[in-house]
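Order-wise, the sequence lines are chains A and B. The first sequence begins at 1 in the working numbering and counts up by one. The second sequence begins at 1 in the working numbering and counts up by one. Backbone N, C-alpha and C define an ideal beta-carbon position, used for all residues, glycine too. Model, not experiment: these values are computed from the prediction. Contents: one structure, followed by commentary.
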Amino acid sequence: MKQWARWSVVVVAGLALVGCGSASESDSSSGGSDGKLVVWDWKSGDPSAASYIERAKADFAKKHPGVTVEFVAQPFEQYYTLLGAAIQAGKGPDVMLFNGGGQIRDRVDSLVPLDEYVGDDKQRLAGWEAFTKDGKTYAAPVTLQGHPIYYNKSLYQKAGLDPERPAANWNEFVANCQAITRATGAKCFAQGNKEGIGIQFFLSGLASGVLSPQEYDDWIAGKRNWTSPGVKRVFSLWKEVNDQGLNNDGANSTAMFNDAFAVFQSGKASHVIGLMSDIGHWKDFAEFLDARNVGVMTSPVVTAGTTPSLPYDGGIGYAVAKWTKDPKVAADLVRSLTSTDALKVFYAEAGAIASDTTIDVSSAGPAVATIVSEIKDGKPALHVALSSKTLDLMGRLSQQLLSGSVTVDKAVDELAKSDQAG
Amino acid sequence: MSLRSSSPPARPADAAGADGPPTGHRGARRAAAARSRRPSGGRRTERLAPYVLVAPAVLIIVVLRLWPLLLGVNFSFTGDGERNGTTVGLDNYRDLLEDPLFRGALRNVGLLVLLLPIAVAIPGLLATFIYLRVPGHRFFRGVYFFPAVLSPVIVGAIFNLLLAFDGPLNAVLGGIGIGPVDWLGDPRVAMVTVVAVHIWATFGMALVVFLAGFATLDGALLDAARVDGASLAQTIRHVIIPGLSRTIQFVFVTTMIGMLTSMFGLLYIMTSGGPEGSTYLPEYYIWIQQGQMNRPALASAASTVLFLIMLVVGLLQLSLLRRSGRTE
Chain A
1 MKQWARWSVV VVAGLALVGC GSASESDSSS GGSDGKLVVW DWKSGDPSAA
51 SYIERAKADF AKKHPGVTVE FVAQPFEQYY TLLGAAIQAG KGPDVMLFNG
101 GGQIRDRVDS LVPLDEYVGD DKQRLAGWEA FTKDGKTYAA PVTLQGHPIY
151 YNKSLYQKAG LDPERPAANW NEFVANCQAI TRATGAKCFA QGNKEGIGIQ
201 FFLSGLASGV LSPQEYDDWI AGKRNWTSPG VKRVFSLWKE VNDQGLNNDG
251 ANSTAMFNDA FAVFQSGKAS HVIGLMSDIG HWKDFAEFLD ARNVGVMTSP
301 VVTAGTTPSL PYDGGIGYAV AKWTKDPKVA ADLVRSLTST DALKVFYAEA
351 GAIASDTTID VSSAGPAVAT IVSEIKDGKP ALHVALSSKT LDLMGRLSQQ
401 LLSGSVTVDK AVDELAKSDQ AG
Chain B
1 MSLRSSSPPA RPADAAGADG PPTGHRGARR AAAARSRRPS GGRRTERLAP
51 YVLVAPAVLI IVVLRLWPLL LGVNFSFTGD GERNGTTVGL DNYRDLLEDP
101 LFRGALRNVG LLVLLLPIAV AIPGLLATFI YLRVPGHRFF RGVYFFPAVL
151 SPVIVGAIFN LLLAFDGPLN AVLGGIGIGP VDWLGDPRVA MVTVVAVHIW
201 ATFGMALVVF LAGFATLDGA LLDAARVDGA SLAQTIRHVI IPGLSRTIQF
251 VFVTTMIGML TSMFGLLYIM TSGGPEGSTY LPEYYIWIQQ GQMNRPALAS
301 AASTVLFLIM LVVGLLQLSL LRRSGRTE
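Laid out in structure tokens, this is it:
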């Protein structure tokens with residue numbers, strides 16, 4: 001009797017210990033210990049990024065031979081969920097990858113300002129704005145992300161248009177589209193707004209042709225007047241384009257990633273507002289349409305007196321967590337990850353426009369050359385300046401605009417409220 | 001008290017007494033002697049033993065379930081972002097009530113409850129046909145179960161293709177002269193579409209449960225109904241449904257739980273909560289707030305509300321089951 005009572009105590013204690021053990025085990029992956037840096041991202045698992053990571057690691061090892069670096073690749077769909085949990089626990093990685101804009105700005109409380117460490121890189125790299133909040137820089141850009149308007153040159157040719165001379169103003173643009181639709185049946189825009197992303201690309205892709213330069217800069221600076229005629233025009237244009245049948249059918253049930261891009265790649269639409277890096281970009285399109293047939297244009301002038309420019313920002317960048325032991329060492333790792341050598345490899349293998357503007361891109365086809373030549377005069381994309389909450393709301397309102405269940409006035413009113421609330 | 005009286009050593013003595021009267025007294029005396037000889041420490045161990053034995057289960061439930069639950073509820077009374085860690089009272093719950101998205105999610109829960117009878121009737125009816133041996137019933141039995149083994153992600157991807165605006169279903173509809181329906185892009189139909197796909201993907205399990213229930217049905221009753229000249233509808237209404245009432249209730253409960261807790265995968269793949277936020281369910285809302293909007297405390301408040309809803313639904317169903325158990 002005594003014996004089995006004793007045994008059951010042993011069993012209970014054992015189970016309790018196992019329970020505690022498994023609950024606390026996951027902490028071991030968090031970094032901050034001396035001599036080791038833990039990096040979280042969603043890139044290092046990609047085969048195409050392997051040599052980039054190798055190059056950066058080698059560069060860092062030269063500066064800090066005693067420090068080991070561990071890259072932990074997280075699945076992108078779960079990335080910010082996992083990161084949020086780690087931040088909540090105060091036990092996240094030392095260095096982490098962020099998308100520029102809302103994702104990093106929402107989380108600067110847990111990051112170290114990098115201005116004192118990366119001063120030397122400020123000139124060489126482009127795209128800092130997307131990682132800046134209240135004048136402080138929180139991450140160094142690796143790639144640039146932006147929204148060029150891609151067009152299919154072979155469709156232009158079939159319609160008897162000059163593929164090297166895309167339309168400069170909106171009326172001409174619509175006329176060209178109609179000519180292409182008549183000749184080939186292809187729609188004007190490949191549009192995917194299932195996730196509410198179509199409106200983000202549309203806003204950023206065309207706004208430089210709608211808003212005056214002053215209003216554009218004010219928007220980026222945080223002085224956003226949602227009810228101005230210019231901003232309203234962007235949203236009424238969004239609706240107008242769909243109502244005129246310029247979009248592919250069912251834009252609200254077409255996913256931007258990657259159904260809308262597939263529409264463009266398969267020649268069913270003549271234009272798409274795409275991306276510069278990673279996906280939905282020149283490299284993807286060139287695989288289907290041939291690099292010679294992929295053209296890039298800036299926004300047509302919708303409102304007279306505007307100067308269209310390429311909208312782009314820092315795409316992804318590495319940041320340093322507050323709880324890391326030595327921010328200087330971690331910042332040095334960030335600098336290695338953005339060195340010219342490493343970025344050159346990243347551009348060549350992953351198909352991204354790297355943040356380093358000194359890299360030679362002439363061999364990658366006309367689209368890349370056009371994009372890189374426009375970076376100099378480019379401006380930050382409008383949607384990147386918005387909080388993720390406002391973007392989410394804008395996604396839903398844009399779907400309502402397309403289905404006709406909300407008016408432009410009501411939509412911009414709601415957006416203004418959400419934007420002002422933070 | 002009751003634990004003590006049913007403690008193991010008392011039983012063999014009683015049993016011996018019942019089995020053999022001649023040895024009964026001796027047995028009882030021996031047991032009594034053994035009891036008096038045992039030191040008092042042993043009796044205490046004996047008394048504690050049941051508690052020690054249930055302790056692992058209780059500990060696991062308390063440490064890994066109840067404690068995190070309490071932490072979560074507690075967390076829902078704190079703020080997000082700048083107010084991280086400070087107590088904000090009921091602010092998160094007020095935010096929830098004011099958020100049209102969350103209200104929409106709750107409305108969709110109501111819609112699920114309304115669609116529940118259909119989700120139960122479909123497998124019930126099909127199982128009836130299989131039981132009544134319609135031609136090809138063996139084939140149908142296998143085919144109906146097949147979708148139940150597919151993961152929601154695969155089912156979602158398949159139906160994304162089928163239901164696309166320029167997809168095959170709309171092509172067929174166009175062929176017979178009905179205009180295309182934007183199955184996943186029209187806020188009025190999207191939620192119903194997703195629920196329909198969910199039912200398609202999961203009714204196989206309920207069908208199997210129904211078939212198991214039919215196995216217990218008295219064949220003589222069916223024969224009697226047939227002899228009396230009952231039509232199919234009459235047979236179903238007066239013989240099959242009363243005979244299967246327990247099975248039907250069980251399927252109701254499991255289908256409801258399935259709908260409330262396992263539609264995330266389908267929603268994520270098929271609509272991402274859209275269009276216009278019309279296909280949000282509380283689960284999806286929680287995920288978005290925590291992962292995308294960086295508002296974990298608000299997400300915990302939403303989780304608490306979802307927990308309360310599940311608790312009410314669960315208790316209602318339990319009481320329903322208990323009441324029907326009593327009437328039988």
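Residues in its own chain within less than 6 Å of residue i by CB, not counting five upstream and five downstream?
i, result
"B/His198", "Met263 and Leu266"
"B/Pro117", "none"
"A/Phe261", "Gly280"
"B/Leu244", "Gly213"
"A/Lys239", "Leu401"
"A/Gly351", "Lys283"
"A/Leu82", "Gln74"
"A/Leu211", "Gly230"
Name the one or two DSSP bridge partners that residue i has.
i, result
"A/Glu70", "A/Val38"
"A/Tyr150", "A/Val272 and A/Val296"
"A/Lys133", "A/Lys136"
"A/Phe189", "A/Asn247 and A/His271"
"B/Leu267", "DSSP lists no partner for B/Leu267."
"B/Thr78", "B/Thr87"
"A/Leu144", "A/Gly314"
"A/Leu111", "A/Ala321"
"A/Asn169", "A/Val301"
"A/Leu125", "A/Asp356"
Enumerate in chain order the residues of its own chain whose CB-to-CB distance from residue i is below 8 Å, with the five nearest sequence positions on each side excluded.
i, result
"A/Tyr318", "Val39, Asp41, Val95, Met96, Leu97, Phe98, Ala139, Ala140, Val142, Leu333, Val334, Leu337 and Thr338"
"A/Gly365", "Trp282, Ala286, Ala291, Arg292 and Val294"
"A/Ser28", "Low local confidence applies: a pLDDT of 37 at A/Ser28 is under 50, so the model's placement there is unreliable, with the coordinate-based value given in what follows. So no residue of the chain qualifies."
"A/Gly245", "Lys187"
"A/Phe346", "Ala49, Tyr52, Val142, Thr143, Ala352 and Ala354"
Give the secondary structure of residue i by DSSP, where H, G and I count as helix, E and B as strand, and everything else as coil.
i, result
"B/Ile178", "coil"
"A/Val95", "strand"
"A/Lys379", "strand"
"B/Leu163", "coil"
"B/Leu308", "helix"
"A/Ser29", "Unreliable positioning characterises A/Ser29 in this predicted model, as indicated by a pLDDT of 38, which lies under 50. A coordinate reading is not provided."
"B/Arg335", "Nothing can be reported for residue 335 of chain B: it is not among the residues displayed for chain B, which extend from 1 to 328."
"A/Glu164", "coil"
With a 10 Å radius around its C-beta and 16 neighbouring C-beta atoms as the bar for buried, classify residue i as buried or exposed.
i, result
"B/Ala302", "buried"
"A/Asp120", "exposed"
"A/Ile104", "buried"
"B/Glu276", "buried"
"B/Glu283", "buried"
"B/Pro68", "exposed"
"B/Tyr51", "exposed"
"A/Asn171", "exposed"
"B/Thr171", "In the sequence on display, residue 171 of chain B carries Ala and not Thr. That one is exposed."
"A/Val302", "buried"
"B/Phe129", "exposed"
"B/Thr304", "buried"
"A/Gln123", "exposed"
"A/Asp356", "buried"
"A/Asn247", "buried"
"A/His271", "buried"
Enumerate in chain order the residues of its own chain whose CB-to-CB distance from residue i is below 7 Å, with the five nearest sequence positions on each side excluded.
i, result
"A/Leu203", "Val234, Leu382 and His383"
"B/Leu184", "Leu163, Ala190, Thr193, Met270 and Thr271"
"B/Leu101", "Gly277, Tyr280 and Tyr285"
"A/Val406", "Leu397 and Gln400"
"A/Leu391", "Gly102, Gln200 and His383"
"B/Tyr93", "Ala301"
"A/Lys158", "Ala183 and Thr184"
Please list the segments of the beta strand (DSSP E) lying wholly inside the region 296–376 of chain A, counting only runs of 3 or more residues, in order along the chain. 312–314 and 316–320
Every unbroken alpha helix (DSSP H) inside the region 239–300 of chain B [4 residues or more]: 245–261, 264–270 and 282–287
Output needed in chain order: residues of the region 107–129 of chain A with a Cβ under 7 Å from some Cβ in chain D. Reference to chain D is not applicable here, since the protein chains of this structure are A and B.
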